[in-house]
Amino acid sequence: MVERSLGPADIVPPFEVEDVELYHPKSWLTKYVFSQDAKIIAIQYSLTALAIGLVALVLSWLVRLQLGFPDYFTFIDATLYYQFITMHGMIMVIYLLTALFLGGFGNYLIPLMIGARDMVFPYVNMLSYWIYLLAVLVLAASFFTPGGPTGAGWTLYPPQAILAGTPGQESGIVLMLVSLILFIIGFTMGGLNYVVTVLQARARGMTLMRMPLTIWGIFTATVMALLAFPALFVGAVMMLFDKTLGTSFFMPAIVQGGEVMAYGGGSPILFQHLFWFFGHPEVYIVALPAFGIVSDLISTHARRNIFGYRMMVWAIVFIGALSFVVWAHHMYVSGMNPSFGFFFAVTTLIIAVPTAIKVYNWVLTLWRGDIHLTTPMLFALGFIVTFVSGGLTGLFLGNAVVDVPLSDTMFVVAHFHMVMGVAPILVIFGAIYHWYPKMTGRMLGETMGKVHFWTTFLGTYAIFFPMHYLGLLGVPRRYHELGVTSFIPDSAHTLNAFISIAAFIVGAAQILFLFNLVWSWFRGRPAGGNPWRATTLEWQTPETPPAHGNWGKELPVVYRWAYDYSVPGAKLDFVPQNQPTLSGG
Amino acid sequence: MAAAIILVLVVVGSVAFHVLSPWWWTELASNWSYIDDTLIVTFWITGVVFVAVILFMAWCVFRFRHKEGRQALYEPENKKLEWWLTGLTALGVAAMLAPGLVVWHQFVTVPEDATEVEIVGQQWQWSYRLPGADGKLGTSDTRKVSYDNPLGLEPGDEAGRDDVVIEGGELHLPIGKPVKVLLRSVDVLHDFYVPEFRAKMDMVPGMVTYFWITPTRTGTFDVLCAELCGVGHAYMRGTVVVEEEVAYQAWLEQQQTFEQMTASAD
Ligand code: HEM
Ligand SMILES: [Cu+2]
Ligand SMILES: [Cu+2]
Chain A
134 MVERSLGPAD IVPPFEVEDV ELYHPKSWLT KYVFSQDAKI IAIQYSLTAL
184 AIGLVALVLS WLVRLQLGFP DYFTFIDATL YYQFITMHGM IMVIYLLTAL
234 FLGGFGNYLI PLMIGARDMV FPYVNMLSYW IYLLAVLVLA ASFFTPGGPT
284 GAGWTLYPPQ AILAGTPGQE SGIVLMLVSL ILFIIGFTMG GLNYVVTVLQ
334 ARARGMTLMR MPLTIWGIFT ATVMALLAFP ALFVGAVMML FDKTLGTSFF
384 MPAIVQGGEV MAYGGGSPIL FQHLFWFFGH PEVYIVALPA FGIVSDLIST
434 HARRNIFGYR MMVWAIVFIG ALSFVVWAHH MYVSGMNPSF GFFFAVTTLI
484 IAVPTAIKVY NWVLTLWRGD IHLTTPMLFA LGFIVTFVSG GLTGLFLGNA
534 VVDVPLSDTM FVVAHFHMVM GVAPILVIFG AIYHWYPKMT GRMLGETMGK
584 VHFWTTFLGT YAIFFPMHYL GLLGVPRRYH ELGVTSFIPD SAHTLNAFIS
634 IAAFIVGAAQ ILFLFNLVWS WFRGRPAGGN PWRATTLEWQ TPETPPAHGN
684 WGKELPVVYR WAYDYSVPGA KLDFVPQNQP TLSGG
Chain E
-13 MAAAIILVLV VVGSVAFHVL SPWWWTELAS NWSYIDDTLI VTFWITGVVF
37 VAVILFMAWC VFRFRHKEGR QALYEPENKK LEWWLTGLTA LGVAAMLAPG
87 LVVWHQFVTV PEDATEVEIV GQQWQWSYRL PGADGKLGTS DTRKVSYDNP
137 LGLEPGDEAG RDDVVIEGGE LHLPIGKPVK VLLRSVDVLH DFYVPEFRAK
187 MDMVPGMVTY FWITPTRTGT FDVLCAELCG VGHAYMRGTV VVEEEVAYQA
237 WLEQQQTFEQ MTASAD
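Sequences listed follow chains A and E, in order. First residue of the first sequence: 134, per this note's numbering; consecutive thereafter. First residue of the second sequence: -13, per this note's numbering; consecutive thereafter.
1. Tell me whether residue 207 (chain E) sits in a helix, a strand or coil according to DSSP, three-state version.
2. For residue 23 (chain E), does the count of other Cβ atoms within 10 angstroms reach 16, so buried, or fall short, so exposed?
3. Could you give the residue range of the beta strand (DSSP E) that holds residue 108 (chain E)?
4. Ends of the beta strand (DSSP E) at residue 179 (chain E)?
5. For chain A, check one thing: does any of its Cβ atoms lie closer than 7 Å to the Cβ of residue 303 (chain E)?
6. Going by the beta-carbon positions, is the gap between residue 367 (chain A) and residue 253 (chain A) smaller than 7 Å?
7. Under three-state DSSP, which class holds residue -10 (chain E)?
8. Any chance you could list the residues with Cβ under 6 Å from a heavy atom of ligand 3, keeping chain order?
9. Could you check what DSSP says for residue 388 (chain A) in three-state terms: helix, strand or coil?
10. Below 6 Å, is the gap between the Cβ of residue 505 (chain A) and the nearest heavy atom of ligand 2?
11. In chain order, what are the residue ranges of uninterrupted beta strand (DSSP E) at least 3 long that sit wholly in the segment 70 to 155 of chain E?
12. For chain E, check one thing: does any of its Cβ atoms lie closer than 7 Å to the Cβ of residue 726 (chain A)?
13. Does the beta-carbon of residue 413 (chain A), which I'm using as the reference point, lie nearer than 6 Å to any heavy atom of ligand 2?
14. Would you say residue 441 (chain A) lies against chain E (beta-carbon separation less than 7 Å)?
15. Taking Cβ positions only, does residue 211 (chain A) come closer than 7 Å to chain E?
16. How would you write the range of the alpha helix (DSSP H) that residue 49 (chain E) sits in, first residue to last?
17. Report the rounded CA-to-CA distance for residue 265 (chain A) versus residue 174 (chain A), giving the unit in angstroms.
18. So residue 389 (chain A) packs on residue 285 (chain A), CB below 8 Å; how close in whole Å?
19. Given residue 179 (chain A), which residues of its chain have a CB within under 7 Å of its CB, disregarding the five upstream and five downstream residues?
20. Can you find a CB in chain E that lies within less than 7 Å of the CB of residue 501 (chain A)?
21. If you draw a straight line from the C-alpha of residue 512 (chain A) to the C-alpha of residue 347 (chain A), how long is it?
22. If you drop the 5 nearest sequence neighbours on each side, which residues of the same chain put their C-beta closer than 8 Å to that of residue 605 (chain A)?
23. According to a CB-to-CB cut-off of less than 8 Å, which residues of the segment 161 to 192 of chain E neighbour chain A?
24. What number of angstroms, rounded off, separates the C-alpha of residue 433 (chain A) from the C-alpha of residue 369 (chain A)?
25. Taking only three categories from DSSP, how would you classify residue 161 (chain E)?
26. Tell me where the alpha helix (DSSP H) around residue 356 (chain A) begins and ends.
27. Output the distance between the C-alpha atoms of residue 609 (chain A) and residue 588 (chain A), rounded to the nearest integer angstrom.
28. CB residue 228 (chain A) to CB residue 269 (chain A), shorter than 7 Å?
29. Between the segment 506 to 526 of chain A and chain E, which residues of the former have a C-beta closer than 8 Å to a C-beta of the latter?
30. Note the first and the last residue of the continuous alpha helix (DSSP H) segment covering residue 220 (chain A).
31. If you follow the beta strand (DSSP E) that residue 11 (chain E) is part of, which residue opens it and which one closes it?
32. Using the C-alpha atoms, what's the distance from residue -4 (chain E) back to residue 707 (chain A)?
33. Going by the CB atoms, is the gap between residue 642 (chain A) and residue 550 (chain A) shorter than 7 Å?
34. Label residue 409 (chain A) either buried or exposed according to how many other C-beta atoms from any shown protein chain fall within 10 Å of its C-beta, with 16 as the threshold for buried.
35. Does the Cβ-Cβ distance between residue 200 (chain E) and residue 620 (chain A) come in under 7 Å?
36. Residues in the same chain with beta-carbon distance under 7 Å from residue 658 (chain A), minus the five sequence neighbours each way, listed in chain order, please.
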């Protein structure tokens, strides 16, 4: 049974845990800086992530400058180029996307959407942010150390990552590993908190099967992250030992510059297994919150219940579980025993089924809806296009034998940017347009929002769609210049220049977005408590922005699922989760 | 309205780009036409899904856009439809996976009569070793690498004395004969990549990896390194020449064996 609306007669279960008194800040410093309020922590996380994300964006322009116009920007040599792509990739994946979805949206939305006053461990939550900030600072410091940041590629494959011949092997790589270790420690504090909060602090009546999909996505992603990050953690520690103490976890016998090195007996492939045991789930750690959020955006702005809620929940859980047994699809040509290819191709393609179901259910939610093309809705539509495109090319790369010619080419770069770069970023934008009114009490500028959407969506599509074909042609990735290569025609260079120009236009559009964020804070149209006429609890707070403790005196009580839109017989086209009867009251 | 039209244009544009693109795979020069075939099957299936899903979405955006008085349908689920879609998707996935697995099986199964060729990567050049008259490659050990023994052959191993060693030169292969390409690295990861062959594989220090091909077209092909190996990665180039048996034998005669190499060094 879907526990949709059990009616007013439904008995509200008693409190399992008594309402607790929160820590009340006594000064400006404990209110806004060392805050224990999840909403403030969320904003701290988000601003930090956006700031370092901006660095990654600028790095992508530098990379595109070089790729589009290799003869003009001679200051970008191989060393700088590799440092740029490495820092760009790592920042985008870990320090921007992971931090923003879990630390940012997780902190803001979990307590509000499940009807809690705050996270269950507010103090640990605060520590989590400060350790994250430290991780970001350590990472940023590597730009200023001798030798600069590491240029080993975001995959940090040994032996190369810690040997001469790779940029940043002096100290950049050490800082990178330390920063990752810090990030994981900080994340674990936050992550345990999110999980316990969802399991223990839900409002009365908020059963698991009544939770908004946003919470399901963030919750499952957090559980996955808690299981996946340890693999990266041990990999990073072991590599740090190889680098600083001379151990040989990942280091076989090596000859460099004619000298036999002191290493011996280790396995470079072991690192790849550890990395991808984390790295593949990481894709879904970023994707599942996006899936959840986009479901809620579509449902709210199409005024229609999400189609197939139970399937959606199970698909999230199933994808989460399966994604721990597919990691070696990143390693078909790594030199591991090729027989593994059979297993990993099968598991990988199986994941396509629940993923496809999610896509169908999104578009079926649009069918016979009452679609309001607001900015958040536009971003949700853009997400579907991008995600479908990126998801389908995943079927190429997951099918072992098709991956063989395509791996390590620009096809891969195009694929993962579509699916885990652009698609989640579009959701993040949509989510910001959607929840900004709750966070600030004002609407974001709508016209600016639409210009931002169309440039970003069409621009990124123009960047990454043609890029697949460069990869198909055979253009390798991680090449800072192609030189003269017989199979690469001049037209490929022209296409590269086109892609670069599109990238600059997309970049410029983000400045408009930042402007909108600041401008609307002061000048935006006042939003009121529930501008989108949404059902979920965060829109039903007594104050906007919600005060510390979220709910005033009385905790909300939940009577129905999160998707009572356009219910026949109801007075309005939405029935909030905490409203006992269809007609209100 | 505008949004729906733009979505349709995205679909039309993508398909047109695909059809008209001058950027397409290089002409095949090995037996791996099966890989190309599987790729085409995948293109068709995924292409149809892409077009269908996005067009359906565009239609919904057009047909069900907000109007005064429109009421959305309240339908939490539709079991039958959901299972149908699941089933059809599973079918489509199977249609790609099945040929994929069959071809993967061929890819990992080296024919009995394949001759062995060794390629050794090092920052940032390729070296090659071919079995001598005995048809066998001698054993090797990275620790034995020295100026006179760039590939680290085991000096005591008889089988290695007649091995042909080509340091930094080009590789020749006879047309129409299956070769098992053994891959080794003495420093970091590399990847021997000839787009026209389709097959590729990483070279990993500390172990020997492999792939196999049968060259099917004569010509000279660029070799690139496809696994990041440091600042010289983009410059780690080479050439492979595929030629008729006679020309190949003539080339082979001119190459040095390991024994000759060490002798000239003494
Ligand atoms: C419009 C925005 C973006 C542009 C123009 C862009 C461009 C690029 C380019 C040109 C490369 C180098 C490809 C190569 O030669 O190997 C790259 C690498 C990468 N990008 Fe982006 N990118 C963007 C956004 C993102 C986002 C949002 C993510 C988040 C997942 C991301 C993740 C990565 C990763 C993981 C790499 C691989 C780095 C490596 O090879 O080590 N990028 N990007
Ligand atoms: Cu993966
Ligand atoms: Cu390389």
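Every residue gets a Cβ at the ideal spot worked out from N, C-alpha and C, and that includes glycine. Quick caveat, the model's predicted, so the values are computed rather than measured.
On the basis of the supplied data:
1. strand
2. exposed
3. 101 to 108
4. 176 to 179
5. In the structure as shown, chain E begins at -13 and stops at 252. Residue 303 (chain E) is therefore absent and cannot be evaluated.
6. no
7. Here residue -10 (chain E) sits in helix by DSSP.
8. E:176, E:211, E:213, E:214, E:215, E:219 and E:222
9. strand
10. No, the beta carbon of residue 505 (chain A) sits no closer than 6 Å to any heavy atom of ligand 2.
11. 101 to 108, 111 to 116 and 150 to 153
12. Because chain A here runs from 134 to 718, residue 726 (chain A) falls outside it and cannot be looked at.
13. yes
14. yes
15. yes
16. 19 to 49
17. About 11 Å.
18. In this structure residue 389 (chain A) is not in contact with residue 285 (chain A), their Cβ atoms being roughly 15 Å apart against a cut-off of 8 Å.
19. 233 and 237
20. yes
21. 16 Å
22. 539, 542 and 544
23. 169, 172, 173, 174, 175, 177, 179, 181, 182, 184, 185, 186, 187, 188, 189, 190, 191 and 192
24. 42 Å
25. Looking at residue 161 (chain E) - three-state DSSP - the assignment turns out to be coil, as it is neither helix nor strand.
26. Its alpha helix (DSSP H) spans residues 346 to 377.
27. 28 Å
28. Remark: C-beta atoms of residue 228 (chain A) and residue 269 (chain A) approach each other more closely than 7 Å.
29. 506, 511, 514, 517, 518, 521, 522, 525 and 526
30. Looking at the DSSP string, the run of the alpha helix (DSSP H) that includes residue 220 (chain A) is 211 to 223.
31. Run containing residue 11 (chain E): none; DSSP gives neither H nor E here.
32. 33 Å
33. Not a contact, by the Cβ cut-off of 7 Å.
34. So residue 409 (chain A) ends up on the buried side.
35. Between residue 200 (chain E) and residue 620 (chain A), the CB-CB gap reaches or exceeds 7 Å.
36. 575 and 576
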